[in-house]
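See structure below.
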Amino acid sequence: MRADPVEYRLISPGNLQAVLSLLAGEPARWLPIAGGTDVMVLYSAGKLPNRNLINIWNIPELRQIEVFADRIRIGAACTYTALRAHEIVSREFPLLATAASWTGGIANQNRGTLGGNIANASPAADSLPALLVYDADLTLISVRGERRLPYRHFHSGYKQTALAADELIRDISLPRRFAGYFSHARKVGARNAQAISKVCLAALGQIANGTIRDVRLALGSVAPVPLRLNETEHALAGKKIEPSLLETARKIVPREIRPIDDIRSTARYRAVVAGNLVAEFLEKLAASGIGA
2 MRADPVEYRL ISPGNLQAVL SLLAGEPARW LPIAGGTDVM VLYSAGKLPN
52 RNLINIWNIP ELRQIEVFAD RIRIGAACTY TALRAHEIVS REFPLLATAA
102 SWTGGIANQN RGTLGGNIAN ASPAADSLPA LLVYDADLTL ISVRGERRLP
152 YRHFHSGYKQ TALAADELIR DISLPRRFAG YFSHARKVGA RNAQAISKVC
202 LAALGQIANG TIRDVRLALG SVAPVPLRLN ETEHALAGKK IEPSLLETAR
252 KIVPREIRPI DDIRSTARYR AVVAGNLVAE FLEKLAASGI GA
């Protein structure tokens, strides 16, 4: 069944306080919508349960990218196109810029927003592993005030988040301390463009004399939530990169993830690929010499 537009209501307050007031008055009734790339898929299929939508696309505070000495702050309604075009994002946070280039086609990148990707909470979202390895923080706002939440604590289960019904994601903050890291991003999908990931990896690392000084690994599409590989990172830290360590990584990674069989892939395939992607990253890290 396709949706009937007469059953839906869209309002556009045009300012942040008016949006927050609506959410506070009837928090279960209103659905904020920015780019709408995820919402319109559900709407077109007749599966969008919310009948009352609030446009937040035209709110200036949510569209800015601000640069500070110690961090960069990205408004939740910033598009993937804006992320790709921003000099600091491209230079200091290449994993995020790369993930933005993977997200749909040009039209989707022009409309899709980083905050929407976070709030939609798909474990297959390409940008979310990058936020995990960059230690992102979220600013959540409501009429009650604002609170900062480390992004790693945002997802509580499949499509479940720490966002209260009366809250919006205002911005995403990334610390500017990863310039000395080797970065590596890989997406495995049915094709190179406009494909939902079977597995995607965001990874950062430093080495000294062939030994891993620091390593940061996150995967998408392998668990109910975007996943930071804490156990694998612990097992790799301080170790020399050699063939035996690559095999260790291939064994540990599948134990840490929870892939499923679905229309795109199988759990077994995802487990093998995830281990291989981490091993590939380690080989490239060793060859880079970054941090030595």
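Just so you know, we're using this note's numbering here: the sequence shown kicks off at 2 and counts up by one. Even glycine gets a Cβ: it sits at the ideal position worked out from N, Cα and C. Predicted, not measured: the structure shown is a model, and the values here were computed from it.
At the level of alpha carbons, what is the spacing between Leu49 and Ile213?
Taking the straight line joining both Cα atoms gives about 47 Å.
Leaving aside the five residues before and after Leu54 along the sequence, list all residues of the same chain whose C-beta is less than 6 Å from its C-beta, in chain order.
Short of 6 Å from the beta carbon of Leu54, and not among the five residues preceding or following it, lie these beta carbons of its own chain, in chain order: Leu11, Leu32 and Ile34.
Would DSSP call Val1 helix, strand or coil?
Look at the range of the chain in this structure, 2 to 293, and you will see that residue 1 is not part of it.
To test your reading of the DSSP string, which unbroken beta strand (DSSP E) runs of 3 or more residues are found completely within the segment 122-154?
Runs found: 138-143 and 146-151.
Ile197 beta carbon less than 8 Å from that of Ala125:
For Ala125 and Ile197, yes; Cβs fall inside 8 Å.
If we count the other Cβ atoms within 10 Å of its Cβ and call it buried at 16 or more, is Asn210 buried or exposed?
With fewer than 16 Cβ atoms within 10 Å of its Cβ, Asn210 is classed as exposed.
Please report the residue range of the alpha helix (DSSP H) in which Arg269 lies.
First-last of the alpha helix (DSSP H) with Arg269: Ala268 to Ser289.
Would you check if there are 3 or more beta carbon pairs closer than 8 Å linking the segment 250-269 to the segment 149-158?
Contact between the segment 250-269 and the segment 149-158 is absent: fewer than three C-beta pairs spanning the two stretches fall below 8 Å.
Where in the segment 206-276 do unbroken runs of the beta strand (DSSP E), each at least 3 residues long, occur, reported from the N-terminal end onward?
Segments of the beta strand (DSSP E) lying fully in the segment 206-276: 212-221.
Within 10 angstroms of the Cβ of Phe94, are there 16 or more other Cβ atoms? Answer buried if so, exposed if not.
A residue is called buried when at least 16 other Cβ atoms come within 10 angstroms of its Cβ; Phe94 meets this threshold and is buried.
Give the straight-line distance between the Cα atoms of Asn51 and Ala100, rounded to the nearest whole angstrom.
Cα-Cα distance, rounded: 29 Å.
Identity of the residues DSSP links to Asp172 by a beta bridge:
According to DSSP, which records beta bridges pairwise, Asp172 is partnered with Gly76 and Thr140.
When burial is assigned at 16 or more other CB atoms within 10 Å of the CB, is Ser266 buried or exposed?
So Ser266 ends up on the buried side.
Do you know offhand how far Phe179's Cα is from Ile208's?
Each residue's Cα considered, the two are about 13 Å apart.
Tell me whether Ile55 sits in a helix, a strand or coil according to DSSP, three-state version.
When secondary structure is reduced to three states using DSSP, Ile55 falls in the strand class.
With a floor of 3 residues, list each beta strand (DSSP E) that falls wholly inside the segment 21-54, ordered by position along the chain.
Every beta strand (DSSP E) stretch that sits fully inside the segment 21-54 and reaches 3 residues is listed by chain position as 31-34.
Based on the DSSP output, what are the partners of Lys188 in its beta bridges?
For Lys188, which the question treats as bridged, DSSP gives the partners Cys201.
Kindly indicate which three-state DSSP category Arg3 falls into: helix, strand or coil?
Here Arg3 sits in coil by DSSP.
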